[in-house]
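Colleague: Each residue of the sequence shown is one higher than the last, beginning at 749 in my numbering. Just so it is clear, CB atoms sit at the ideal spot from N, CA and C, and this is done for glycine as well. What follows is a single structure, and I will ask about it in a moment.
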Amino acid sequence: MKTKILMAAVLASLVATAGAAQAQDEPRERPDFATLDLNGDGGLSLEELQAQRAARFANIDANGDGAISAEELIAAAEGRAEDRAARMIERLDENGDGVLQQDEMPTRGQDRAARMFERVDADEDGVISQEEFEAAKERHGGRRDHGKRDRG
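Below, the structure written as structure tokens:
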């Protein structure tokens, strides 16, 4: 039982670490069906899915001791971040210089920021006063969920 709890905690922290490392413009890569179908029989068994999970764990467990340390989690996350950063530059680098300039960066968050600014700027004077800031904070009850909804 302790092993199951420990594994669940490790996997939860792995998922949290991987989620935190995800670049905001990169969708999470998931294995395709053929990769998961280890025996090629056209169906996914529980054993095949568990084997994939075990393989991911073993891949992160760099020293092979059967446990994942914080250092191993960080190293795995850094490797994924490096890959995502390289793909992002390749995808967005319009002038081909190997780096991203401000005008090459996605702008989709700017619209959201403008809408949020308009909601907070109650007197529409183009400036958020401390009172408007505090009122907005009060309306949101100090939430730090950044617009995420309860999906329960």
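1) What first and last residue would you give for the alpha helix (DSSP H) that runs through Arg-828?
2) Identify whether Gln-849 lies in helix, strand or coil by the three-state DSSP scheme.
3) When the distance is taken between beta carbons, is Leu-848 closer than 8 Å to Asp-859?
4) Is Glu-882 near Asp-869, with beta carbons less than 8 Å apart?
5) The alpha helix (DSSP H) that contains Ile-808, what's its start and end?
6) If we call anything under 8 Å between Cβ atoms a contact, is Glu-795 one with Asp-809?
7) From Asp-813, Asn-807 and Gly-791, pick the residue whose C-alpha is nearest to that of Arg-828; which is it?
8) For Ala-782, count the other beta carbons within 10 Å of its own beta carbon; 16 or more makes it buried, fewer makes it exposed. Which is it?
9) For Glu-872, which three-state DSSP category applies?
Modeller: Taking the coordinates as given:
1) Note, Arg-828: alpha helix (DSSP H), 818-840.
2) Under the three-state reduction of DSSP output, Gln-849 falls in the coil class, being neither helix nor strand.
3) At the C-beta level, Asp-859 and Leu-848 stay beyond 8 Å of one another.
4) No, Cβ-Cβ distance for Glu-882 and Asp-869 is not below 8 Å.
5) That run of the alpha helix (DSSP H) goes 794-808.
6) The answer is no: Cβ separation not under 8 Å.
7) Nearest neighbour of Arg-828 by Cα position, chosen from Asp-813, Asn-807 and Gly-791, turns out to be Asn-807.
8) Under a 10 Å Cβ-count criterion, Ala-782 is classified as exposed, with fewer than 16 other Cβ atoms of the shown protein chains found around its own Cβ.
9) Coil at Glu-872, not helix or strand.
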